[in-house]
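Under the working numbering, the final residue of the sequence shown carries the number 507; numbering is consecutive throughout.
Note that the Cβ used here is the ideal one computed from N, Cα and C, for glycine as well.
Predicted model, so just to flag it, every value in this text is computed and none were measured.
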Amino acid sequence: MFKEEHLLEYRCVQSVKTQEKYPNRVPVIVEKVSGSQIVDNDKRKYLVPSDISVAQFMGIIRKRSQLSSEKAIFLFVGKTVPQSSLTKGPL
């Protein structure tokens, strides 16, 4: 997992650098939970437009993972599931 591979200081520095370089984007790390039967995604780092909604981003993840609509996916920010209408900016 990304958090286990990289110390908090490194992640914070990388996040600040990325946000300085791309001010209208939000860096997002996407990983599946251990034990999940979902196929591994080929990408785990995303630069998401700050005005994209959670639902739109989940659609991108679903498409990229080739996940059928019958399978559920959940997005957590910390330990919270955000409202699907929220944009990435406030998160």
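Under the rule that 16 or more other beta-carbon atoms within 10 Å means buried, what is residue i, buried or exposed?
{"i": "Phe473", "result": "buried"}
In terms of residues, what are the limits of the beta strand (DSSP E) holding residue i?
{"i": "Gln433", "result": "Contrary to the premise, residue 433 reads as Lys rather than Gln in this sequence. Unbroken run through Lys433 is the alpha helix (DSSP H), Leu424 to Lys437; no beta strand (DSSP E)."}
{"i": "Ile445", "result": "Arg441 to Ile445"}
{"i": "Lys461", "result": "Lys461 to Pro465"}
Given residue i, which residues of its chain have a CB within under 7 Å of its CB, disregarding the five upstream and five downstream residues?
{"i": "Val464", "result": "Arg441, Val442, Val444, Phe473 and Lys504"}
{"i": "Ile477", "result": "Val446 and Ile489"}
Whose C-beta lies closer than 8 Å to the C-beta of residue i among residues of the same chain, with five residues either side of it excluded?
{"i": "Lys437", "result": "none"}
{"i": "Thr434", "result": "Arg441, Pro443 and Leu463"}
Quick check on the DSSP output: the alpha helix (DSSP H) that includes residue i runs from which residue to which?
{"i": "Val470", "result": "Val470 to Arg480"}
{"i": "Gln419", "result": "Checking the sequence, you will find Lys at residue 419 rather than Gln. Counting along the chain, the alpha helix (DSSP H) containing Lys419 begins and ends at Phe418 to Glu421."}
Measuring CB to CB, does residue i end up less than 9 Å from residue j?
{"i": "Gln499", "j": "Val470", "result": "yes"}
{"i": "Arg427", "j": "Asn457", "result": "no"}
Just checking my contact of residue i with residue j at CB under 8 Å: how many whole Å lie between their CB atoms?
{"i": "Phe492", "j": "Arg460", "result": "The Cβ separation is near 14 Å, so there is no contact."}
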